[in-house]
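Shown next, in structure tokens, is the structure this report addresses.
2 protein chains.
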Amino acid sequence: MAGRAAEPEVIWARPERMGRGPKPAFSRADIAAAAVRIADADGLEAVSMRRVAGELGCGTMSLYNYVPRKEDLYELMVDAVSGEHELWEPSGDWRADMLRVARQTRALMHRHPWLPRLMSGIYGFSPNALRYVEHCLVCLDPLEVPNGAKMELVAMLNSVVTMYVANELATAERARSLPWSEEQESAVRIAYLAGRMATGRYPRMAAVFSEAPGPVDPEAAFGRMLWRLLDGFEPKS
Amino acid sequence: MAGRAAEPEVIWARPERMGRGPKPAFSRADIAAAAVRIADADGLEAVSMRRVAGELGCGTMSLYNYVPRKEDLYELMVDAVSGEHELWEPSGDWRADMLRVARQTRALMHRHPWLPRLMSGIYGFSPNALRYVEHCLVCLDPLEVPNGAKMELVAMLNSVVTMYVANELATAERARSLPWSEEQESAVRIAYLAGRMATGRYPRMAAVFSEAPGPVDPEAAFGRMLWRLLDGFEPKS
DNA sequence: AGCGCACTACGTACGGCGTACGTAACTAGG
DNA sequence: CCTAGTTACGTACGCCGTACGTAGTGCGCT
Chain A
1 MAGRAAEPEV IWARPERMGR GPKPAFSRAD IAAAAVRIAD ADGLEAVSMR
51 RVAGELGCGT MSLYNYVPRK EDLYELMVDA VSGEHELWEP SGDWRADMLR
101 VARQTRALMH RHPWLPRLMS GIYGFSPNAL RYVEHCLVCL DPLEVPNGAK
151 MELVAMLNSV VTMYVANELA TAERARSLPW SEEQESAVRI AYLAGRMATG
201 RYPRMAAVFS EAPGPVDPEA AFGRMLWRLL DGFEPKS
Chain B
1001 MAGRAAEPEV IWARPERMGR GPKPAFSRAD IAAAAVRIAD ADGLEAVSMR
1051 RVAGELGCGT MSLYNYVPRK EDLYELMVDA VSGEHELWEP SGDWRADMLR
1101 VARQTRALMH RHPWLPRLMS GIYGFSPNAL RYVEHCLVCL DPLEVPNGAK
1151 MELVAMLNSV VTMYVANELA TAERARSLPW SEEQESAVRI AYLAGRMATG
1201 RYPRMAAVFS EAPGPVDPEA AFGRMLWRLL DGFEPKS
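As given, the protein sequences belong to chains A and B, one line each in that order. Once you know that position 191 of the first sequence is 191 in this note's numbering, the rest is easy, because the numbers rise by one and skip nothing. All you need for this note's numbering is the position in the second sequence, starting with 1, plus 1000.
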């Protein structure tokens, strides 16, 4: 019976340094940084165990001493860039602070375009995620709602920001990955949508597209979205 | 010069049937259904071109006559399950209708647990996505805000639901994929978090966890989240 | 001090992946 | 009826994650 039932499985629970043998050549931070560098430069699909090992200058299989499965490498990456969040002394205006948090998260995801995709699959609270959530809660001190609601606010904020940026990036990446210019890509897109709208099956959507004065301003749309979200948490007067 | 600069690239823009040769053995719907069956049974990572071809009973490379790249297969899958959305005559109460939409989306994602992960990477409006959005807009007819705001409402609703279910599924899958029971998994998780909280570095989070009476009711939390979101769109009185 | 063992390092190898490419069969348009 | 465009599909290439075996290393115990 018995035997190894698979190790702790939550990578943050396993100690970085074991007691016995020679000391490791790298830290988790080194590995995460290497993986982040690769993903930033060549995209998430370029992050392979071989490539990360190459970046570090070690054999491929040596990586498995630090990271039991590739999925854990992803968790390391998310935690590493979460550490880039700059924290500040709360202003006393929780809405202003939350807007600042959201804008910072959006900037972070633009710097690391692979981040939204990984956010959907992450399970637990990494060290830097804990720091981040704690900071949000401190900023929410002036808000007079139950603590649970504050957690839910943080979760919702992250959700909408993540998906908003994911959409931003999906259209941008389409334009970049193909040998077309962005105008051509968007022209094809518009033409397709126009064709669909012309069928008359989607009158409400057609109305939306026809009355749109031009391309939407992403910054303004982002701000409106956040404002509406925060409105839902304002205590009833 | 020139030559082929890569085809239309938006799979919905390319016609399903070409003019000339023998008639295709399958439709896109067949292929999508096969892929969905595999993903439902064995997870998204089991969806490979070979496996789908096997399910259809054809050679692997024959699939590329229907689907130029694997990414397009994913789009087909998302569109296929989006067609499972049941549409109804609007009730006149836009909040009730939006709640129903959200609950239906959540149920859909529980039926197809791979869906949230794919939603983050999808680019355009597939036929069934158009149907779905149009239905939401119809339900929002009684809401007196600009049309653009209605689109933004639908987008936010989908974002929040997607990430909520993604979190639900991530914890559930962790528990299932390991040879542990769910209680053991959650025990490890709690122990880890308790250890972190004991450091005193996260007093606000510690307060949240300490005052939680027990495991949260996912249905109730889901409902609260939606209610707050919709509140942000209620026209100012 | 010195032994033993837990750990690190890493090469090899296996099965599976996406898909480029070449070939044969087939059918609709001229 | 011919022929050009399409379908069908087998082969092959270069990746991928990672199981496993072996050798070296230095901490902790006796």
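Note that beta-carbon positions come from the ideal geometry of N, C-alpha and C, so glycine has one too. Computed from a predicted model, the values in this text were never measured in an experiment.
Query, Result
"Apart from the five residues on each side of it in sequence, which residues of its chain come closer than 6 Å, Cβ to Cβ, to Arg4/A?", "Any answer about Arg4/A is weak, because its pLDDT of 36 lies below 50 and its placement is not dependable; what the coordinates show is given next. Taken in chain order, the list of residues that qualify is empty."
"Helix, strand or coil for Tyr1202/B? Go by DSSP, reduced to three states.", "coil"
"Does the distance from the CB of Tyr1132/B to the CB of Ser1091/B come in under 7 Å?", "no"
"When you compare each of Ala170/A, Ala198/A, His110/A, Pro146/A to Asp40/A by their alpha carbons, which one comes out closest?", "His110/A"
"Comparing the C-beta of Met1/A with each C-beta of chain B, is any distance below 7 Å?", "With a pLDDT of 34 at Met1/A, under the threshold of 50, the predicted position of this residue should be treated as unreliable, and no value is reported."
"Residues of chain A with CB closer than 7 Å to the CB of Thr1162/B, please, in chain order.", "Met163"
"Just mark Asp79/A as buried or exposed, buried being the case when its beta carbon has 16 or more other beta carbons within 10 Å.", "buried"
"Would you mind listing the alpha helix (DSSP H) stretches within the region 1042-1089 of chain B that are 4+ residues and don't spill past its ends, in chain order?", "1049-1056, 1070-1082"
"When the Cα atoms are used, what is the spatial distance from Leu130/A to Leu137/A?", "11 Å"
"Are there 16 or more other CB atoms within 10 angstroms of the CB of Asn158/A, so buried, or fewer, so exposed?", "buried"
"Does DSSP put Gly121/A in a helix, a strand or coil?", "coil"
"Return the chain-ordered list of same chain residues with a C-beta closer than 7 Å to the C-beta of Glu1084/B, the five sequence neighbours on each side being excluded.", "Leu1108"
"Which same chain residues end up closer than 7 Å to Val10/A when comparing Cβ atoms and leaving out the 5 residues on each side of it in sequence?", "Gly124"
"Ends of the alpha helix (DSSP H) at Asp1097/B?", "1094-1111"
"Could you spell out where the alpha helix (DSSP H) holding Met1225/B opens and where it closes?", "1218-1231"
"Look at the Cβ atom of Met151/A, then the Cβ atom of Val1208/B, and state whether they are nearer than 7 Å.", "yes"
"Within the 7 Å Cβ cut-off, does Arg1004/B reach chain A?", "In this prediction, Arg1004/B scores a pLDDT of 37, lower than 50, which makes its location untrustworthy; no coordinate-derived value is stated."
"How long is the line joining the alpha carbons of Arg1117/B and Gly121/A, rounded to whole angstroms?", "7 Å"
"Determine, for Pro1022/B, whether the minimum Cβ-Cβ distance to residues of chain A falls below 7 Å.", "no"
"Taking only three categories from DSSP, how would you classify Phe1026/B?", "coil"
"Does the beta-carbon of Pro1113/B have 16 or more other beta-carbons within 10 angstroms, so that it is buried, or is it exposed?", "buried"
"Tell me the DSSP secondary structure of Gly1148/B in three-state form.", "helix"
"Of the residues that make up the region 77-96 of chain A, which ones have a beta carbon closer than 9 Å to any beta carbon in chain B?", "none"
"Could you give the residue range of the alpha helix (DSSP H) that holds Pro127/A?", "127-139"
"Using a Cβ distance threshold of 8 Å, determine whether the region 1057-1075 of chain B contacts the region 1027-1045 of chain B, with at least three qualifying pairs required.", "yes"
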